[in-house]
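**Q** Following this message is one structure expressed as structure tokens.
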Amino acid sequence: MSEQKDLEYAVLGGGCFWCVEAIYQLVDGVESIVSGYAGGHDPAPNYKSICTGLTGHAEVIRVGFDPSKISYKNILEIFWEAHDPTTRNRQGNDEGPQYRSIILYENQTQKEIAEASRTEAGPKFASPIVTEIVALEKFFPAENYHQNYFRLNPGQPYCHYVIRPKIEKFLKKKTY
47 MSEQKDLEYA VLGGGCFWCV EAIYQLVDGV ESIVSGYAGG HDPAPNYKSI CTGLTGHAEV
107 IRVGFDPSKI SYKNILEIFW EAHDPTTRNR QGNDEGPQYR SIILYENQTQ KEIAEASRTE
167 AGPKFASPIV TEIVALEKFF PAENYHQNYF RLNPGQPYCH YVIRPKIEKF LKKKTY
């Protein structure tokens with residue numbers, strides 16, 4: 047029988063959840079990733095409603111990680127590398143509030159680490175960071191076909207032209 051690990055969780059939005067999910071799947075110590083929605087007011091979001099930009103929710107991932115292998119601070123360092131935190135409501139051609147840069151913290155410690163991480167990351171960018179840091183009220187898992195999307199659909203044009211270059215860039219810098 048395998049040993050049950052005590053995981054911690056980070057909820058992050060950095061544009062399309064397929065892109066961010068694909069990056070974190072490469073990180074040692076990440077044990078689970080669920081794509082979903084959070085940060086809005088709609089009590090029952092789904093992909094169709096999220097795409098309107100009217101739900102208040104962002105596309106996010108919930109990363110389950112083993113804190114004995116990787117820290118929350120390291121998870122956030124990867125977050126800053128995985129997307130452009132200086133563009134409001136946009137990542138590349140993906141535009142709208144559902145694609146905003148956001149960290150949703152689960153407790154005061156995560157809030158403090160996230161704020162310090164944002165301050166530390168700031169000088170690495172030519173423009174100011176616009177990433178929101180807000181309390182996680184509720185995480186809504188996305189539909190099943192959004193889970194593990196890049197690995198299951200590597201030939202899909204969005205995966206080939208948008209996600210693959212992000213992964214290649216990340217792998218060149220990977221220190222985790």
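So the sequence shown is residues 47 to 222, counted in my numbering. Note that beta-carbon positions come from the ideal geometry of N, C-alpha and C, so glycine has one too. Note that the structure is a prediction, hence the values are computed from the model and not measured.
1) Report the partner residues of Ile149 according to the DSSP bridge assignment.
2) For Ala104, which residues of its own chain have a beta-carbon under 8 Å away from its beta-carbon, when the five flanking residues on both sides are left out?
3) Note down the Cα distance separating Ser48 from Val57, rounded to an integer number of angstroms.
4) With a floor of 3 residues, list each beta strand (DSSP E) that falls wholly inside the stretch 156 to 216, ordered by position along the chain.
5) Count the C-beta pairs between the stretch 117 to 134 and the stretch 164 to 171 that are closer than 8 Å, then say yes if the count reaches three, no if not.
6) Kindly indicate which residue of Val180, Ala68 and Ile79 has the alpha-carbon position closest to the one of Pro200.
7) In angstroms, rounded to a whole number, what distance separates the CA positions of Ser81 and Phe196?
8) Can you tell me which of the three DSSP states Ser46 falls into?
9) Please report the Cβ distance between Leu182 and Glu152, rounded to the nearest whole angstrom; I am assuming they are in contact, meaning their Cβ atoms lie under 8 Å.
10) What did DSSP end up calling Gln137 once you bin it into helix, strand or coil?
11) So what's Val66 in DSSP terms, helix, strand or just coil?
12) Please state whether DSSP places Ala104 in a helix, a strand or coil.
13) Where Gln76 and Pro203 are concerned, what is the direct C-alpha to C-alpha distance, given to the nearest angstrom?
14) By Cβ distance, which residues of its chain are closer than 6 Å to Cys65, with the 5 residues on each side in sequence left out?
15) Whose C-alpha, out of Ala167, Leu72 and Leu150, is nearest the C-alpha of Val186?
16) In three-state DSSP terms, what is Ala90?
17) According to the Cβ coordinates, are Tyr118 and Gln156 closer than 8 Å?
18) Within 10 Å of its beta-carbon, does Leu217 have 16 or more other beta-carbons around it, so buried, or fewer, so exposed?
**A** According to the data block:
1) In the DSSP output, where bridge partners are listed per residue, Ile149 has Leu58 and Ile179.
2) Counting only Cβ-Cβ distances below 8 Å, and skipping sequence neighbours, we find Gly59, Tyr83, Ala84, Gly85, Gly86, Pro143, Gln144, Tyr145, Arg146 and Ile148.
3) Note on Ser48: pLDDT 42, under 50, position unreliable in the model; the coordinate value appears next. Their backbone Cα atoms lie some 26 Å apart in a straight line.
4) Runs found: 178 to 181.
5) With the rule of 3 Cβ pairs closer than 8 Å, the stretch 117 to 134 counts as touching the stretch 164 to 171.
6) Put simply, of Val180, Ala68 and Ile79 the residue whose alpha carbon is nearest the alpha carbon of Pro200 is Ala68.
7) Distance between the alpha carbons of Ser81 and Phe196 is about 12 Å.
8) With the chain running from 47 to 222 in the structure shown, residue 46 is simply not present.
9) Contact between Leu182 and Glu152 is confirmed by a C-beta separation of about 5 Å, below the 8 Å threshold.
10) It is a strand residue.
11) Val66: helix per DSSP, three-state reduction.
12) It is a strand residue.
13) Going by the sequence as given, residue 76 is Val instead of Gln. Cα to Cα, Val76 sits roughly 27 Å from Pro203.
14) Cβ neighbours of Cys65 within its own chain (closer than 6 Å, five residues either side excluded): Ile209 and Lys212.
15) First, the residue type needs correcting, since residue 186 is Phe and not Val in the sequence shown. Looking at the Cα atoms, Leu150 is the closest of the given residues.
16) It is coil, neither helix nor strand.
17) Here Tyr118 is near Gln156, since their CB atoms are less than 8 Å apart.
18) Answer is exposed; the Cβ neighbour count stays below 16.
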